[in-house]
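Trainee:
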Amino acid sequence: MKIKDLSLAGLKESLSSGEMKSTELTRFYLDCIGERETDVNAFLHIDEKYALAKANSANCPNSPLCGIPIAIKDVLMVDGMPATAGSKILEGYMPPFTATAVKKLEDAGMVIVGKTNTDEFAMGSSTENSAYGVTHNPWNLDRVPGGSSGGSAAAVAAGMVPVALGSDTGGSVRQPASYCGISGIKPTYGRISRYGLSAYGSSLDSIGVLARSVADIIPVFKTMVGKDPLDATSVESPTTPRRLPDAESLKGTRIGVPKEYFVEGTQVEVAGAVREAIQEFKKMGAEIIPISLPHTEYAIPAYYILASAEASANLARFDGIRYTQREGADTLAEVYNQTRGKLFGEEVKRRIMLGTYALSAGYYDAFYGQAQKVRTLIRRDFEDAFTKVDAIATPVAPTTAFKIGAHGDDPLSMYLEDIFTLPANLAGVPGLALPVGFDDANMPIGMQLMGTRFSEELLFDIGKIYQRETSWHEMKPKMAR
Amino acid sequence: MKYEPVIGLEVHVELATESKIFCGCPVVDSVEAEPNIAVCPVCSAMPGTLPVVNERAVEYAMRVGMALGCKIEPVSIFARKNYFYPDLPKGYQISQFEEPLATNGEMLIETEDGEKVIRVLRAHLEEDAGKLTHVEGASLVDLNRAGVPLLEIVSQPDMHSAAEARAYAENLREILRYLGVNSGDMEKGVIRFEANTSVRPVGTEKLGIRTEVKNLNSFRSMEDAINCEIARQSKVLDEGGEVDQVTMGWDEEKGQTYVMRGKEDAHDYRYFPEPDLPPLKVDDAWRKRVRADLPELPRAKFERFLADFKLSEYDAKVLVSDRAIAEYFEETVNNGAKPKAVANWMTGELFALMNQTEVSIDEIKVTPKALAELISLVSEGKINKNTAKEVLGEIFKSGKNPQAIVEKKGLAQVSDTALISGFVSSVINAHPDEVTSYRSGKTGVANWLFGQVMREARGRANPQILREELMKQLDG
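Respectively, the protein sequence lines represent chains A and B.
Counting in my numbering, the first sequence runs from 1 upward without gaps.
Counting in my numbering, the second sequence runs from 1001 upward without gaps.
1. Tell whether a beta-carbon distance below 9 angstroms holds between Ala153(A) and Ile112(A).
2. Could you list which residues in chain B have their beta carbon closer than 8 angstroms to that of Ala232(A), in chain order?
3. For chain B, is any of its Cβ atoms less than 9 angstroms away from the one on Gly114(A)?
4. Any contact between the stretch 1030-1045 of chain B and the stretch 1214-1224 of chain B? By contact I mean 3 or more CB pairs, one from each, below 8 angstroms.
5. What is the DSSP secondary structure of Thr394(A), reduced to helix, strand or coil?
6. Find the residues of chain A that neighbour Pro1086(B), judging by a C-beta separation of less than 8 angstroms, and give them in chain order.
7. If we count the other Cβ atoms within 10 Å of its Cβ and call it buried at 16 or more, is Gly201(A) buried or exposed?
8. Using Cβ-Cβ distances below 8 angstroms, what residues of the stretch 187-199 of chain A are close to chain B?
9. Tell me which residue opens and which closes the alpha helix (DSSP H) that Met1062(B) is part of.
10. Would you give the residue range spanned by the alpha helix (DSSP H) that Trp1250(B) belongs to?
11. Would Gly201(A) pass as an interface residue toward chain B - the criterion being a Cβ-Cβ separation below 9 angstroms?
12. Could you round the C-beta distance between Ile1007(B) and Pro1157(B) to whole angstroms and report it? I think they count as a contact, below 8 angstroms.
13. Relative to the C-alpha of Met450(A), which residue among Ser63(A), Tyr466(A), Ala393(A) is closest?
14. Between which two residues does the alpha helix (DSSP H) carrying Gly114(A) extend?
15. Quick check on the burial criterion: 16 or more other C-beta atoms within 10 angstroms. Buried or exposed for Gln279(A)?
16. Along the chain, where does the beta strand (DSSP E) containing Thr1197(B) start, and where does it finish?
17. Does the pairing of the stretch 1082-1089 of chain B with the stretch 1274-1288 of chain B give three or more beta-carbon distances under 8 angstroms?
18. Please report the straight-line C-alpha distance between Glu1264(B) and Lys388(A), rounded to a whole angstrom.
19. When you compare each of Gly1203(B), Glu1164(B), Ile1153(B) to Glu1194(B) by their alpha carbons, which one comes out closest?
20. Return yes when at least one heavy atom of the ligand PLP lies under 8 angstroms from the C-beta of Ile1175(B), else no.
21. Can you confirm whether the stretch 167-178 of chain A touches the stretch 206-217 of chain A when touching is taken to mean that 3 or more C-beta pairs between the two stretches lie within less than 8 angstroms?
22. Output needed for Val374(A): all residues of its chain with C-beta closer than 6 angstroms, excluding positions within five of it in sequence on either side, in chain order.
23. In terms of DSSP beta bridges, what is His45(A) paired with?
24. Does any CB atom of chain A fall closer than 9 angstroms to the CB of Lys1090(B)?
25. Here's the rule: buried if 16 or more other CB atoms are within 10 angstroms of the residue's CB, otherwise exposed. What is His136(A)?
26. Throw me the rounded Cβ distance for the Pro219(A) and Leu8(A) pair, which I believe falls under 8 angstroms.
27. Going along chain A, which residues have a C-beta under 7 angstroms from Met1046(B)?
28. Sort out for me which residues DSSP pairs Pro435(A) with in a bridge.
29. Could you work out which residues of chain B lie near Leu422(A), taking near to mean beta carbons separated by less than 8 angstroms?
30. What does the Cβ neighbour count give for Thr266(A), buried or exposed, with the cut at 16 atoms within 10 Å?
31. Given a threshold of 16 other Cβ atoms within 10 Å of its Cβ, counted over all protein chains shown, does Asp1362(B) qualify as buried or as exposed?
32. According to a CB-to-CB cut-off of less than 7 angstroms, which residues of the stretch 1255-1275 of chain B neighbour chain A?
33. So with Cβ pairs under 9 angstroms, would you call Val1282(B) a contact of chain A?
34. Shorter than 9 angstroms from the beta carbon of Val1378(B) to some beta carbon of chain A?
35. Any Cβ of chain A within less than 9 angstroms of the Cβ of Pro1041(B)?
36. For Ser130(A), is the classification buried or exposed, using 16 other Cβ atoms within 10 angstroms of its Cβ as the cut-off for buried?
Written out as structure tokens, the structure is:
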């Protein structure tokens, strides 16, 4: 089998058996990057020297990840690599520390090849908001890869790396995974430390993994979980995670199908492919149960208020005093206005304004306060649902990857792309994206499986069985074949 | 018209923890330390960093809350207070807003009209900002202080004069020092005040419009600023005007308050719960542990000193004003000296020596044991009081044992009747006129003769025996 077709376990075996050296493996992927990057623009920073040196020194026979290359979304800090978060305001910034999650992967011997493109500060659903150019979908270069972890998703789909890290505040791992035909996990809130993740919506942010298959996600995910003394919101994983009762089938597994996620406005092929996948589950022994998550329609306004409110504070540190080039002006207020006005992109400014407004005296209760109440109701929707079912199956997004520029002047229509992914962030529950088919334009379609808190292992079990029986995840865009 | 001032104080207290409130950086001396020496990615707000609460800071805050009789809330919430300033690296300050750690306490103060209770509304934890220094053409940012734990203690508007506010503040400082949570070094800015002042016609209930004077760093400036505001506001009202609700600063040189910003420019801090920190939970076990470690507070100690040691109120007050002094006093008593004598020696000679040399009780070479010994040498008649003063001075310098000094220098009191009798005889023989004058009825001369004999004995004669011998020879 060729490198490009090997799973992480397969790669590990080739490395362990001595069939291949880690430097060769890294060289292979660096060559793939060299060949395809001009078309895809997945990376903001590629560090061949660093990667090859790491590969050369990787000595960790007991780690399943030893010597395996990975790409890191540019909102995560890696000591020695610039971190821009897709923004001009952080251009040239070198963090002096490494994010806890990334550190754990490095300790396990993973080889970081570079940093991937993202919507500025992870705000967006297409990578079109990156200050460093849009990333192109490897399946069709005229289309977006999704976002905000579009660089990571495109890099994996294009075969430039076997696995990549992303972050997911409202769907930013799952939606690009879906648009690029790969698998992606957004974990339970707090299960992976956020220390070293540039904050967008702190109460919603999760670090996630993107890979071609669920099997490839698992070892990376497992390495990163756990309580971190540097993140007060991180939590210890349960000692005995929930698993499928039967590892070979879905017998005894109850899968819920919420009616609010199958509504008009969703692309017909998307709904069709997801329904087919649900039929597959049934064939594998699952019990399919219609359910309701009644407050779904309020997720978009609640999310955009809460995430923007938190972002308006999180991004206040970029004031021109410590980072980047400061704009000269006569007064302090003008230094702030001009530096931030010039160096933040439009979408970031829009959300800062939105969030500032939502927290302002006289508006707080009507916006922020109300949104928190909605969040509680959405969380309860899920709690109720998970008394009846083990997992919930939905589309990841209403459409497949759209054309670059399609939502150009209409941010609201772009926000609607997030409708099926936001609720999991608001409720803090995990969501797994799996490829389940293609539309008429040959763009990948993704399904989302959501579970109760700390049920990632159960979702992985379901995903693995599905991927054992189907081959959607093995499909590759032409450039990666 | 006569006006009654109504005053509330906000006191910002630096908690003397070893490390900052949300990161592991050490807390360094804000005056002495090199700028930006105690700074890390967290307190300089590098992207991706997160706060973690220093439990010691919470415990210090709990101590203060308990000492003020506050309720320690089982759950309190950190919030973000948003504003831009170059000394605030995150662009927001983590503070507690709607749900503070400690609520509803009180403090007893002494006023001209007797004791009075000042209610404490709340005490909440927050982080300090950095420091800006303005130089020619630039402003320099020092983040050493950014993230140092602060406790903001907010009183109710229960004070009615600057003197009352000062009494409250001084009392609070004493308590903080007792609790070991603050050095009380005002000149280092470890305690800062904000005074809210309004006035209303005497006899009326409705509160006047208040002003807030910020950044008051000493008792003196706080008192002056309040008096200035009382006078200014009274004048405005007398002239038929209205007081503006403004935030003010204090110009130390001019001795005047000045307007920093008006109501219309008031900041909208857009507080919201800090998503990076879960609610702060204090369970019963933690509360009990902190309470068990609370020291005896000045007020309780004062009352115990009165009751147990029969001290005068004045002595008791002086001795409890500082925890180290009170502890020194008790240790000296425990070494066998009489409380009243210890109080006299400490408030008299010992404090005088400390003042002259500007050393504190923690630094002096006189141990409580040595002081107790010295006092018993006097009470046993081995040395007299004047000699004892000399010996104390010697111990203060050298730290030597009092007995050893007395022996080495031959300062022991002479109680040999024959010897003293000899001194008396020689003085009487040398001053026949004074003796005649005494015997003719001018008995006061005896005291002068007493002094002469003592001089002859180089001050070491037992005064009682001396007096007996003198009278015997004069009257005999």
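Just so you know, even glycine gets a beta-carbon here, dropped at the ideal spot from N, CA and C.
These numbers come from a predicted model, not from an experiment.
Mentor: Inspection of the coordinates gives the following:
1. Result no, Cβ atoms of Ala153(A) and Ile112(A) do not sit closer than 9 angstroms.
2. The answer, in chain order, is Leu1050, Pro1051, Val1052, Val1053, Asp1276, Leu1277, Pro1278.
3. Not closer than 9 angstroms to any Cβ of chain B, the Cβ of Gly114(A) fails to qualify, so no.
4. Flag = no, the stretch 1030-1045 of chain B and the stretch 1214-1224 of chain B do not touch.
5. The three-state reading of DSSP puts Thr394(A) in strand, counting E and B together.
6. Within 8 angstroms Cβ-Cβ: Asp319, Ile321, Leu332.
7. With 16 or more Cβ atoms within 10 Å of its Cβ, Gly201(A) is classed as buried.
8. Per Cβ criterion, the list reads Arg194, Tyr195, Gly196, Leu197, Ser198, Ala199.
9. That run of the alpha helix (DSSP H) goes 1055-1067.
10. Annotation: Trp1250(B) is outside any alpha helix (DSSP H); the continuous beta strand (DSSP E) that includes it extends over 1247-1251.
11. Interface criterion met: the Cβ of Gly201(A) is under 9 angstroms from a Cβ in chain B.
12. Contact between Ile1007(B) and Pro1157(B) holds: CB atoms are separated by about 6 angstroms, below the 8 angstroms threshold.
13. Taking the Cα of Met450(A) as reference, the smallest distance to any Cα among Ser63(A), Tyr466(A), Ala393(A) is reached at Ala393(A).
14. First-last for Gly114(A): 111-116, but that is the beta strand (DSSP E), not the alpha helix (DSSP H).
15. Its Cβ having fewer than 16 others within 10 Å, Gln279(A) is exposed.
16. Under the DSSP assignment, Thr1197(B) falls in the beta strand (DSSP E) whose first and last residues are 1191-1201.
17. Here the stretch 1082-1089 of chain B does not lie against the stretch 1274-1288 of chain B, with fewer than 3 beta-carbon pairs under 8 angstroms apart.
18. Glu1264(B) and Lys388(A): Cα-Cα distance of roughly 55 angstroms.
19. Looking at the Cα atoms, Ile1153(B) is the closest of the given residues.
20. The ligand PLP is not part of the structure shown, which contains no ligands of any sort.
21. Short answer: they touch.
22. Closer than 6 angstroms at the Cβ level, and outside the excluded window around Val374(A), lie Tyr298, Ala302.
23. According to DSSP, His45(A) bridges with Lys115(A).
24. Residue contact check for Lys1090(B) against chain A: a CB pair falls below 9 angstroms.
25. Of the residues assessed, His136(A) falls on the buried side of the cut-off, its CB having 16 or more other CB atoms within 10 angstroms.
26. The beta-carbon distance between Pro219(A) and Leu8(A), rounded to whole angstroms, is 6 angstroms. This is short enough to meet the 8 angstroms contact definition.
27. Result: Pro95.
28. Looking at the DSSP assignment, Pro435(A) forms a beta bridge with Gly446(A).
29. What Leu422(A) touches in chain B: nothing, since even the nearest Cβ is about 16 angstroms away.
30. Burial call: buried.
31. Exposed, by the Cβ-count rule.
32. Listed in chain order, the positions of the stretch 1255-1275 of chain B with a beta carbon within less than 7 angstroms of a beta carbon of chain A are Asp1268, Arg1270, Phe1272, Pro1275.
33. So, not an interface residue.
34. Taking 9 angstroms as the threshold, the shortest C-beta distance from Val1378(B) to chain A does not fall below it.
35. Closer than 9 angstroms to some Cβ of chain A, the Cβ of Pro1041(B) qualifies, so yes.
36. When all chains shown are included, Ser130(A) counts as buried.
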